[in-house]
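For reference, the structure is listed below as structure tokens.
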Amino acid sequence: MKGDSNSLAVRALGSISTEIAVPGDKSISHRAAILAGLSNGPCRIRNYLPSEDCLHTLRAMEKLGAKCDYIETNESGPIEVVVHGLRMQLKAPDGPIDCGNSGTGMRLLSGVLAAQDFESTLTGDESLSSRPMGRIMRPLEKMGAQIDGMGKNEGCAPLVFRGGNLKAIRYDMPVASAQVKSALLLAGLFTPGRTTVVQPAETRDHTERMLTKFRVRTVREGDEITIYGDQVPQATDLDVPGDISSAAFWIVAAAVKKGAHLLIRDVGLNPSRTALLNVLLRMGARIRDMVRTTDQDGEPAGNVEVDGADLWGTEIRKEEIPNLIDEIPVLAVAGALAQGHMVIRNASELRVKESDRISTVVENLRAMGADVTEYDDGLAITGGNKLHGANLDCFGDHRIAMAFAVAGLFAEGETVIRNTECIKTSYPGFEKDLKKICSGH
Ligand code: S3P
């Protein structure tokens, strides 16, 4: 494994026999920074993810007035932070707030800013400025917020907020999106009365769990989540578990490699995030996950142990899609390395992620010799073709870069992935962990 600072070169893997701990969970880190900043006192966040996306969210809270003490930092940024909460009293920022590449950061912060009586602006990089923000603008406008999408296309960032004085609503989400749900729950926190979000399918529930941890009253009834407004989150300390979506790259690599043995320590095992494990088990993988902490209002976390095996394809069920949306690129790689057919449909949301992940996965798998069919809402793969090394782009998309680094571990010859700088948006230290995986111990 080599490459210059902005590309990765990967060759076939010998074996895997190692133990690894991945960095903190991205979804949980964003929420921790925001809720700690809104709370009524100092909150110590341990194992914060020092990725570009989460650093943007932390800086956003600082710009809104929350003082942050960086207790411990590594080469990428802070991993232990004390955020001094503002008791819901944010200050007007002195300029636009940059969310970088992060859809989660922008959508969650939108929920907060829509409820403030000062004007503010959220900006993002080119990719983020082309992603659909109408999905949060529409319901927030129903609550009474004024939001202008100033981007080149309608409903795109930069977003300008002239909010305040929201009214509680009940909202049926047309897409199953945890980001939309969370934006509305955060707006609802500032809004008198009951704000209810109805989700068309189960989505990750980190916001609800964390609100409970901060002793904010929410009620879950079937697909409906209600927040009671006008509450101040009560300061608390948080331990962020490892990110299962980052662990996914190594889980797949070990699962498809006969003779491999891998232990992943202290990773989040929230059931709204672990569909990847169910799908891999259905494909014949040998995986055991052991929840070690289950404090009632926190996040389940534990170890995942993987032994390599021969895998076969499977059909991903519609209801599984939101639960493994971020893992689909690497799951498609598993499909190409398995025997038989893998079918992924009902996944058109993939087209509006950091890249159009249906077309970028299809293009790169084909470049490596896989047999792939593209659909509007997904893809199908007939596994078993021997993959060959290729020179690939990752289209500025961190998960495409990492998924194809894994594919390269199983290809003949060298695979080069260009423009891999984006990996640091979610997984600083990926290259170091890739070396560890490749070294076999
Ligand atoms: C996220 C939700 C998902 C996921 C994203 C993180 C979150 O998006 O793709 O990486 O933290 O809420 P949607 O639920 O909007 O599809």
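All residue numbers for the sequence shown refer to our numbering, where the first residue is -15 and numbers rise by one.
Note that beta-carbon positions come from the ideal geometry of N, C-alpha and C, so glycine has one too.
If you're wondering where the values come from, they're calculated on a predicted model, not measured in any experiment.
- Over the uninterrupted alpha helix (DSSP H) stretch that includes Arg270, give me the two end residues. That residue, Arg270, is in no alpha helix (DSSP H); its beta strand (DSSP E) goes 270 to 277.
- Item | Local Cβ density within 10 Å of Met386, reported as buried at 16 or more and exposed below that | buried
- List the endpoints of the continuous beta strand (DSSP E) containing Leu143. 143 to 146
- Distance, Cα to Cα, Glu398 vs Leu371? 11 Å
- Look up Val282 in the DSSP assignment and say whether it is helix, strand or coil. Val is not the amino acid found at residue 282; the sequence shown has Gly there. Gly282: coil per DSSP, three-state reduction.
- Are Ala318 and Met267 touching if we call contact CB-CB under 8 Å? yes
- Simplified DSSP state of Arg266, which is helix, strand or coil: helix
- Message: Taking the alpha helix (DSSP H) that Met386 belongs to, which residues open and close that run?
- Response: 382 to 392
- Task: Tell whether a beta-carbon distance below 8 Å holds between Ser94 and Ile120.
- Result: In this structure, Ile120 lies closer than 8 Å to Ser94 by Cβ.
- Distance, Cα to Cα, Glu59 vs Asn31? 14 Å
- Which residues share a DSSP beta bridge with Ser104? Phe145
- Helix, strand or coil: how does DSSP classify Ala167 here? Here DSSP, grouped into helix, strand and coil, assigns Ala167 to helix.
- Query: Under the criterion of a Cβ to heavy atom distance below 7 Å, does Pro306 qualify as lining the ligand S3P?
  - Reply: yes
- Just list the beta strand (DSSP E) runs in the region 89 to 135, keeping only unbroken ones of 3 residues or longer that don't cross its boundaries, in chain order. 103 to 107, 131 to 133
- Best match in Tyr54, Ser166, Met117 for proximity to Leu19 [C-alpha to C-alpha]: Ser166
- What runs of the beta strand (DSSP E), each 3 residues or longer, lie entirely inside the region 17 to 98? 26 to 30, 51 to 57, 62 to 68
- Does DSSP put Ala364 in a helix, a strand or coil? Ala364: strand per DSSP, three-state reduction.
- Task: Starting from Thr344, trace the alpha helix (DSSP H) both ways and give me its first and last residue.
- Result: 341 to 351
- Task: Under 8 Å by Cβ, that's how I've got Ala395 and Leu349 pegged, so tell me the actual separation to the nearest angstrom.
- Result: Not really, about 11 Å apart at Cβ, beyond 8 Å.
- Task: Just the C-alpha distance for Ser343 and Val327, rounded to the nearest angstrom, thanks.
- Result: 15 Å
- Message: Beta-carbon within less than 8 Å of Gly226's beta-carbon, same chain only, minus the 5 sequence neighbours each way: which residues are those?
- Response: Ala5, Val6, Pro7, Gly8, Asp9, Asn31, Ile248, Arg249, Asp250, Val251, Gly252, Ala285
- Task: Assign Ala231 to one of two classes, buried (16 or more other C-beta atoms within 10 Å of its C-beta) or exposed (fewer than that).
- Result: It is buried - the Cβ of Ala231 has at least 16 other Cβ atoms within 10 Å.
- What do you reckon, are the CB atoms on Pro412 and Ser(-9) nearer than 8 Å? no
- Between the region 43 to 51 and the region 63 to 72, are three or more C-beta pairs nearer than 8 Å? yes
- Glu333 beta carbon near the ligand S3P (any heavy atom closer than 7 Å): In this structure, Glu333 has its CB closer than 7 Å to one or more heavy atoms of the ligand S3P.
- Message: Taking only three categories from DSSP, how would you classify Leu222?
- Response: strand
- Query: Are there 16 or more other CB atoms within 10 angstroms of the CB of Thr202, so buried, or fewer, so exposed?
  - Reply: buried
- Residues bridged to Leu(-8) by DSSP? When beta bridges are read from the DSSP output, Leu(-8) appears opposite Ile401.
- Cβ neighbours of Val147 in the same chain (closer than 6 Å, five flanking residues each side left out): Note on residue identity: the sequence assigns Gly, not Val, to residue 147. Excluding residues within five positions, the ones whose Cβ falls inside 6 Å are Ala98, Ala99, Gln100, Ala129.
- Query: Taking C-alpha atoms, which residue in Leu376, Thr88, Ala237 lies nearest to Ala16?
  - Reply: Thr88
- Message: Can you check which of these residues, Val346, Gly373, Val159, is closest to Leu315 by C-alpha distance?
- Response: Val346
- Message: Taking the straight line between their C-alpha atoms, what separation do you get for Ile0 and Val263?
- Response: Put simply, the backbone Cα of Ile0 is about 21 Å away from that of Val263.
- Item | Contacting residues, own chain, Cβ-Cβ under 7 Å from His40 (five flanking each side not counted) | Correct list, in chain order: Asp82, Cys83, Gly84, Ser86, Gly89.
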